[in-house]
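Student: Counting in the working numbering, the sequence shown runs from 2 upward without gaps.
Note that beta-carbon positions come from the ideal geometry of N, C-alpha and C, so glycine has one too.
This is the structure I have questions about; it appears just below.
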Amino acid sequence: MLDAAPLRTDWTREEAEALYNQPFMDLLFQAQSVHRQNFDPNQVQKSKLLSIKTGGCAEDCAYCSQSARNGSQLSASKLIEVERVISEARKAKEGGATRYCMGAAWRSPKDRDMAALEAMVHGVKELGMETCMTLGMLEDEQVFRLRDAGLDYYNHNIDTSERYYSEIITTRTFADRIDTLNRVREAGIKVCAGGIVGMGEQQMDRIDMLLALATLEEHPDSVPVNMLIPIADTPLADVQKLDPIEFVRTIALARILMPKSHVRLSAGRTDMTDELQAMCFFAGANSIFVGDTLLTADNPEEDHDQALFDRLGIQAMAAGCDGSR
Ligand code: SAM
Ligand code: DTB
Ligand code: SF4
């Protein structure tokens, strides 16, 4: 096998644009070649999400069902009990998930919530699962506490390009997001950072979003690529659907720019055909969310995903194995 090329964090816009816009077959071939140099192409990692605090969020993210500023009717819940999180995680483990991701509809956690969050990390880790949290912006002190509790990954998405960002969110800046990502990485927690496509952005925004991730000091360990799930009564409810070929190009570019990262085919799979998902795996996606609910929105049934894996000869990555060569 060829030696994998060294990781680059100095990609230029011209390079990324040329990669993205090359003939589709050349792009797929290149992405699959990079994928094979770094991962077993027949293994896909399974993560499971749980919303630990739902709705009533003060932020104004235009895509989100949980923003109190959007018209959606989702009622706000309190932070759920630690025991419930652990029992849900146990079920997810039995279903083959190796990473458990706990998400809260917050701008950032309050200090009064930290002890419960630490207990959740501790309890899920004891099951032998990787832990991930997505709680909004974090201060240094909060990052250290989560790290010391044993948190493996922190998810914080840049969501879109810096240029398009202010069309989508006004209550916190692109720079705020990068600050949190840097804090998390400097503390030694693995970074999960990606974004959403299909929000009415231009092609250059998809390219620039991936470039922003690929030119961080280190590539994120996980890169979730979400297809917008249009939510009724949000500003993006009726946005024009993205051409699926553009979506596959986005996945392929993520794979080529960040060869050793897990690229997650994240939200939006319910509206994708099996064939489109297969093409995304060929383009280098090697992680999915499993279970019939994401945070608030639908996700394919586990049986359907298993049937797709069987048809494609894909195996779920085992716990403790990252599928890398
Ligand atoms: N409140 C925290 C935050 O925003 O940082 C964590 C939870 S938030 C729901 C996590 C991510 O889910 C968002 O950054 C966004 O990328 C993704 N997301 C939310 N709603 C979505 C939707 N309707 N379609 C696709 N992705 C979505
Ligand atoms: C990510 O990039 N996607 C996940 C996870 N990280 C937290 C969330 C998807 C949410 C989809 C909409 C919902 O369930 O409300
Ligand atoms: Fe709140 Fe996160 Fe939704 Fe934004 S994406 S409104 S921060 S829950």
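#1: Count the C-beta pairs between the segment 71-91 and the segment 47-63 that are closer than 8 Å, then say yes if the count reaches three, no if not.
#2: Just to check my reading of the structure: ALA320 and GLY129 have Cβ atoms closer than 8 Å, yes? What is that Cβ distance to the nearest angstrom?
#3: When the Cα of ALA233 is compared with those of PRO245, THR297, GLU15, LEU152, which residue comes out closest?
#4: Just to confirm, is the Cβ distance from LEU211 to ALA194 under 7 Å?
#5: With distance defined between alpha-carbon atoms, name the residue in LEU217, LYS242, ASN183 nearest to GLY343.
#6: May I have a chain-ordered list of the alpha helix (DSSP H) segments no shorter than 4 residues that lie completely inside the segment 38-120?
#7: Let me check understanding here. Comparing Cα to Cα, which of THR172, ALA286, VAL83 lies closest to HIS263?
#8: Could you check which residue in THR172, ILE170, ALA93, PRO231 has the C-alpha nearest to that of ALA268?
#9: Give the secondary structure of CYS281 by DSSP, where H, G and I count as helix, E and B as strand, and everything else as coil.
#10: May I have the straight-line CA-CA distance separating ASN183 from ALA308, to the nearest angstrom?
#11: Short of 8 Å in beta carbon distance, which residues of its chain neighbour THR171, apart from the five on each side in sequence? Order them along the chain.
#12: Using only CA atoms, which one of ILE179, ARG178, LYS191, THR181 lies nearest to GLY151?
#13: When burial is assigned at 16 or more other CB atoms within 10 Å of the CB, is ILE246 buried or exposed?
#14: Is the closest heavy atom of ligand 2 to the C-beta of THR235 under 6 Å?
#15: Which value, in whole angstroms, describes the spacing of the CA atoms of ALA253 and THR216?
#16: Based on the DSSP secondary-structure assignment, which residues constitute the bridge partners of LEU266?
#17: Is any heavy atom in ligand 1 found nearer than 6 Å to the beta carbon of CYS281?
#18: Name the residue from LEU29, GLU142, SER109 whose alpha carbon lies nearest to the alpha carbon of MET280.
#19: Should the segment 136-145 be regarded as contacting the segment 101-110, the criterion being three or more beta carbon pairs within less than 8 Å?
#20: Just the Cα atoms here: how many angstroms apart are ARG14 and ARG207?
#21: May I ask you to report which of helix, strand or coil DSSP gives ALA319?
#22: Flag this pair as yes or no: are the beta carbons of VAL125 and ALA90 separated by less than 7 Å?
#23: Taking 6 Å as the cut-off, is the CB of ALA120 close to at least one heavy atom of ligand 2?
#24: With a Cβ-Cβ cutoff of 7 Å, do THR271 and ASP304 count as a contact?
#25: In terms of residues, what are the limits of the beta strand (DSSP E) holding ILE197?
#26: In the DSSP output, which residue or residues are listed as bridge partners for VAL192?
#27: For ASP160, which residues does DSSP report across the bridge?
#28: If I measure Cβ to Cβ from ALA32 and keep anything under 6 Å in the same chain, skipping five residues before and after, which residues do I get?
Tutor: Well, looking at it:
#1: Enough Cβ pairs lie closer than 8 Å, so yes.
#2: 6 Å between Cβ atoms; contact.
#3: Residue nearest to ALA233 within the set PRO245, THR297, GLU15, LEU152 is THR297 (criterion: CA-CA distance).
#4: No, the Cβ-Cβ distance between LEU211 and ALA194 is not below 7 Å.
#5: The structure shown does not extend to residue 343, since the chain spans only 2 to 326, so no value can be given for it.
#6: The segment 38-120 contains these whole alpha helix (DSSP H) runs: 83-95.
#7: Nearest of THR172, ALA286, VAL83 to HIS263, Cα basis: ALA286.
#8: Among THR172, ILE170, ALA93, PRO231, the Cα nearest to that of ALA268 is on PRO231.
#9: In the three-state reduction of the DSSP assignment, CYS281 falls in the helix class.
#10: The alpha-carbon of ASN183 is positioned some 39 Å away from that of ALA308.
#11: Around THR171: ASP61.
#12: In terms of Cα proximity to GLY151, the closest of ILE179, ARG178, LYS191, THR181 is LYS191.
#13: Exposed, since its Cβ has fewer than 16 Cβ neighbours within 10 Å.
#14: It does not: the Cβ of THR235 is nowhere closer than 6 Å to a heavy atom of ligand 2.
#15: Going from the Cα of ALA253 to the Cα of THR216 covers about 17 Å.
#16: Paired residues: VAL226, ILE289.
#17: No - ligand 1 has no heavy atom lying nearer than 6 Å to the Cβ of CYS281.
#18: Of the candidates LEU29, GLU142, SER109, the residue whose Cα lies closest to the Cα of MET280 is LEU29.
#19: Because the criterion of three Cβ pairs below 8 Å is met, the segment 136-145 and the segment 101-110 touch.
#20: Straight-line measurement puts the Cα of ARG207 at about 11 Å from the Cα of ARG14.
#21: In the three-state DSSP reduction, ALA319 falls in the coil class, being neither helix nor strand.
#22: Against a cut-off of 7 Å, the Cβ pair of ALA90 and VAL125 comes out as a contact.
#23: No, ligand 2 has no heavy atom inside 6 Å of this Cβ.
#24: No, these two residues do not count as a Cβ contact at 7 Å.
#25: Element bounds for ILE197: 196-198.
#26: Under DSSP, VAL192 shares a beta bridge with TYR155.
#27: Its beta-bridge partners are GLY196.
#28: Within the same chain, ALA32 has close Cβ partners ALA253, ARG256, ILE257, ALA284, GLY285.
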